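Below: the structure, in structure tokens.
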Amino acid sequence: MKGLFSKLLPHLIAVIVFLVVAVIYCKPVLQGYVLNQSDVTQWKGMSKDAFDYKEAHGHFPLWINNMFSGMPAYQVAMESGNAVSPGIFYYVLTLGLPKPISFFFLACICFYFLTQALRLNPYLGIIGGLAYAYVTYNTGIIEAGHDTKMQSIALVPAFIGSLILLYDKKYLWGLALTGLFTSLLIAMNHMQIVYYALITALFMTAGYLVHWVKSKQIKHALVAGALALIAGALGVLTNAITIFTTLEASKTTIRGGTEMPDKNATATGLSKDYALSYSMYKTEPFVMMVPNIYGGSGTPIEQKLEEAKSLEVLQSMPQEVGNFLGQFRLAYWGGIGSIPPNAPAYIGSIICFLALIGFFILDNKHKWWILAVSVLSFLMSWGQYFEGFNTFLLNVLPGYNKFRVPSMIILIPTLLFCMMAMLTLQKIISMDNKAELWERYKKGLMLTGGVFVVLLLIYFGADFTAQTDKEAIQQTVNTPEEVKEYVRNFFSALKDDRRSLFMGSLLRSFLFIAAAAFVLWLSIRKNTGKAIVLGLIGVLAFIDVMSVDVKYLNEESYQEEAEYNQAYFTPSPVDQQIMQDTSYYRVFDLRQGLGTLTGGAVPTAYFHNSIGGYHPAKLSIYQDLIEHQLFKFPQSLPVVNMLNTKYIIQTDQSGNASVYPNGEALGHAWFVNAVRYEKDAPAVMNALTGFSPRDTAVLFEADRQLVSFTPSADSSAFIRFVPNGDDHDVLTYRYSAATNRFAVFSEIFYKEGWKAYVDGKELPIVRTNYVLRGLSLPAGQNKEIRFEFRPSSYYSGKTISLVAGLLVLLLMAAAAVQTVRAKKEKAKA
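Quick note on this note's numbering: the sequence shown kicks off at 1165 and runs consecutively.
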């Protein structure tokens, strides 16, 4: 028992350290405060309809109505519906802790697991876990509310560690854990991180394969490769609902392309320019080692410097000019552009230093594949600044043109440099031949010195000018000479501020590295004890990164939960006025201008069914309608009317909001007196300009054979919506008509899953007015129309995910049983 406790003690210490650090750093969460995360706030607005439905019906709907006049619920809020799922392990790994404590704790635990799969000293695992979890990039995305991204980043090390177990012949545990962590990683539903994790796994597998071939372990290579594929398949299939529905939906979203001419998209995916936006300058990855060389983030420069020259200049000029220039006093001047990063990808100067010297100290097992995937990541992070190469990748890598923000891939080197750093430390404290170690170490010092020389060259050669600076200067071309002088003085001072920030950050990193280099010198040349070396390096590395983290995520990032809810989720007087109407309708909110059509789910989608909203993967046909029609409001009023927009919210010149009832809203459904056919998407879209939606339906020429229509002036014909207890996935109507009629329904067309039946007989749904549904209805009296949303991707995925999830859990149980038996047999021996 005593021996077991001594083995478990380092792991117990690791858990306690990770928990204590996370709790202290995120203490306000335990005091009734919450993070004001903009993306999470938007998600609450996006998902309110789904959660209200679940409260009433016991499960989430498959279709929501509160955004973009209706859309699939897959990417907003969905659950598997399976009672047994590997997802239970997520709550085990996070101890049920509140966020963001759980995020940091999970990242620590997963990286610690990676270090143990690599058979490193457990205390090195503690250092590495803290280093990885508290990479400054993570604090920025947490504050912004990119929760699924952070959860995915946290899980990637465990996914890699599970593969390492498998490749090191721990077959059963490797199979079970690779299946489990693949399942958890995909379940976070951030496919771009999954994509990057897969790239890393492929490079690592190639590295192992070279070793296996050289050592003639062909059988092991085949077994390990087969088991890795099986584990990956199980992990994917446990998420069959998410995978199948996402694949289905992606073809219809802006990530899947557009039928309209669009600079941001092609017919199959994002356009080159859009996919490569938010790229890093070629020298910008150095922020991993020196955080503020490009300003750190888009915060005002005075938040970075105690004495900002540009702020002094700003305060000395006329108020009107100062107000204009004040919006440009940003610290960030890197390549990511007008929407700067929330925080730099700073992993710590000491961690980078350890990784660099590792390329000389370590053997070949890991360093070359780490170097290869890191270099590839840097090239991909350059995006538009290395256009030829990255355009080639967009064309040849499957699915790569569905993603944007190339700078996001910097998270892979942050993981691998942390891994490399821990491998390096392990080698330093365990290598017996100190003379050889010293020679290798000196080469690492020279490489580090070379990096600082490069950074100095960047410093002396940089112009410290952001793209937004150039845009501001361009806007003042036609202003009086006096104003131009103010502008020149301001941006000259801003450059000096950025230059000062660069040099201060560079000097800071140099001093931390010098301190760490001295500690390693003590270890190599003076044989200083392992505990002292690990303790000093661990403390220095933690102080190094945390002293930067607290500038991005601190107590000021939180607010009282009641205050937060009051600010975002309490209906205003105009919202309350509209909510008195309990009928079904939509709202067009112009309180913040036309931008709310694509940039805001709060407050409108939280309280109402909105014709706008916020989602990064909205339906492409609706995005087309927004760009080519709704953005032209009020000229697009006919389109607004066909979307059953009963209320319009606008503000006056004083900023006071008012509700304007729209008496022209067309309701749920109506019969038209004419049908007009157009040959393609641009022609259909153009036909919506100034048309009369009450009288005419605009269809695609390709759908002509689906329509049997007899123009009629039958005043007795009617079509009415039949309330059905707010079931989003089933819609019922009643109609009567003496002749064949064509009905338009103010519901969004979505080919995959929606079916229409008249008295039980299926009729084809015709895409109408570019985004709506239409039916060619036979003559009859008091006939029932029933729309049902039953996507096969969901229902087939549900069954498959249940079976795969059970298999993963059985593998986990089998691995545990095997371990217990092995220990009992060892004890008997």
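Cβ atoms here follow ideal geometry from the backbone N, Cα and C, with glycine treated the same way. Since this is a predicted model, take the numbers as computed values, not measurements.
For residue i, the first and last residue of its enclosing beta strand (DSSP E)
i	result
THR1312	That residue, THR1312, is in no beta strand (DSSP E); its alpha helix (DSSP H) goes 1311-1331.
TRP1337	Per DSSP, TRP1337 belongs to no beta strand (DSSP E); it is in the alpha helix (DSSP H), 1335-1351.
VAL1823	1821-1825
Proximal residues to residue i (C-beta, below 8 Å), its chain only, five neighbours per side dropped
i	result
ASN1888	VAL1894, LEU1895 and THR1896
THR1815	LEU1754, ARG1755, ALA1821 and SER1822
ALA1861	VAL1836, ALA1838, VAL1839, ARG1840, PHE1906, VAL1908, THR1932, ASN1933 and GLY1938
LEU1494	GLY1459, GLY1462, THR1463, PRO1464, ILE1465, PRO1504, ALA1630 and THR1632
Where the alpha helix (DSSP H) through residue i begins and ends
i	result
ARG1868	Counting along the chain, ARG1868 falls outside any alpha helix (DSSP H), and DSSP gives it neither H nor E.
VAL1836	VAL1836 -> not in any alpha helix (DSSP H); beta strand (DSSP E) instead, spanning 1833-1836.
VAL1537	1528-1545
ARG1931	Per DSSP, ARG1931 belongs to no alpha helix (DSSP H); it is in the beta strand (DSSP E), 1930-1932.
LEU1971	1956-1992
TRP1685	1645-1689
VAL1803	1801-1806
PHE1567	Premise fails: PHE1567 is in no alpha helix (DSSP H) and is neither H nor E.
ASN1302	1300-1308
LYS1112	Here the chain covers residues 1165 to 1993 and nothing more, so residue 1112 does not appear.
HIS1375	1355-1378
LEU1558	1551-1560
SER1249	Careful: SER1249 lies outside any alpha helix (DSSP H) and carries neither H nor E.
ILE1601	Here residue 1601 turns out to be Leu, not Ile, going by the sequence shown. It spans 1598-1625 - the alpha helix (DSSP H) in which LEU1601 sits, taken as one unbroken run.
TYR1442	No alpha helix (DSSP H) contains TYR1442, which DSSP labels as neither H nor E.
Which residues DSSP lists as bridging residue i, in chain order
i	result
SER1940	PHE1906
SER1900	PHE1882
TYR1950	Just to set this straight, residue 1950 is Arg in the shown sequence, not Tyr. Note: ARG1950 sits in a beta bridge opposite THR1896 and TYR1921.
GLN1638	DSSP lists no partner for GLN1638.
PHE1752	ILE1812
GLN1723	VAL1198
ALA1996	With the chain running from 1165 to 1993 in the structure shown, residue 1996 is simply not present.
TRP1227	PRO1236
SER1774	VAL1751
GLU1926	TYR1921
THR1417	LEU1783
PRO1464	LEU1494
ILE1912	LEU1936
Nearest residue (CA-CA) to residue i, options the options
i	options	result
VAL1871	CYS1274, PHE1323 and GLY1938	GLY1938
ALA1439	LYS1810, PHE1550, ASP1878 and LEU1665	PHE1550
SER1443	PHE1492, ALA1365, PHE1542 and ASP1859	PHE1542
PHE1909	ALA1214, ILE1228 and ILE1883	ILE1883
PHE1408	TYR1959, GLY1209, THR1588 and GLY1613	TYR1959
VAL1738	GLY1764, THR1762 and SER1822	SER1822
THR1692	ARG1750, LEU1675 and ILE1592	ILE1592
THR1369	VAL1400, ILE1534 and PRO1505	ILE1534
TRP1602	ALA1626, ILE1688, HIS1354 and ALA1678	ILE1688
SER1784	SER1774, LYS1208, ASP1660 and GLY1234	GLY1234
ASN1933	ASP1859, ARG1750, ASN1403 and ASN1506	ASP1859
LEU1665	ALA1626, THR1632, LEU1684 and GLY1702	ALA1626
ALA1395	GLN1982, LYS1988 and LEU1971	LEU1971
PHE1795	TYR1770, THR1762 and ASN1773	THR1762
GLN1639	ALA1472, ASN1850 and VAL1651	VAL1651
THR1643	ARG1283, GLU1484 and ALA1986	GLU1484
ILE1742	SER1538, TYR1770 and MET1586	TYR1770
PRO1802	ALA1829, VAL1981 and GLY1961	ALA1829
GLN1239	ASN1353, ALA1390 and MET1849	ASN1353
ALA1765	GLY1222, VAL1185 and LYS1208	LYS1208
THR1963	ASN1403, PHE1492, ALA1186 and LYS1468	ASN1403
Same chain, Cβ closer than 7 Å to residue i, five either side skipped, listed in chain order
i	result
LEU1579	TYR1296, VAL1320 and PRO1321
TRP1227	GLY1234, PRO1236, ALA1237, HIS1892, ASP1893 and PHE1953
GLU1466	ALA1472 and LEU1475
HIS1384	LYS1333 and TRP1376
LEU1558	LYS1436, ALA1439, TYR1564 and ASN1565
VAL1181	ILE1290
Own chain partners of residue i with C-beta closer than 6 Å, once the 5 adjacent residues on each side are dropped
i	result
ALA1241	SER1211, ALA1214 and PHE1224
GLY1486	LEU1478
beta-carbon residue i near the ligand PLP non-hydrogen atom, thresh 7 Å
i	result
TYR1959	The ligand PLP is absent from the structure shown, which contains no ligands of any kind.
Using 8 Å as the threshold, is the stretch 1570-1581 in touch with the stretch 1247-1266, meaning 3 or more CB pairs across them?
no
Check whether the stretch 1949-1959 and the stretch 1296-1310 are in contact - that is, three or more C-beta pairs closer than 8 Å.
no
So, do the stretch 1444-1461 and the stretch 1530-1548 have three or more beta carbon pairs nearer to each other than 8 Å?
yes
Can at least three beta-carbon pairs, one atom from the stretch 1491-1508 and one from the stretch 1458-1469, be found at a separation below 8 Å?
yes
Taking 8 Å as the cut-off, does the stretch 1692-1706 touch the stretch 1671-1682 (at least 3 CB pairs, one atom from each stretch)?
yes
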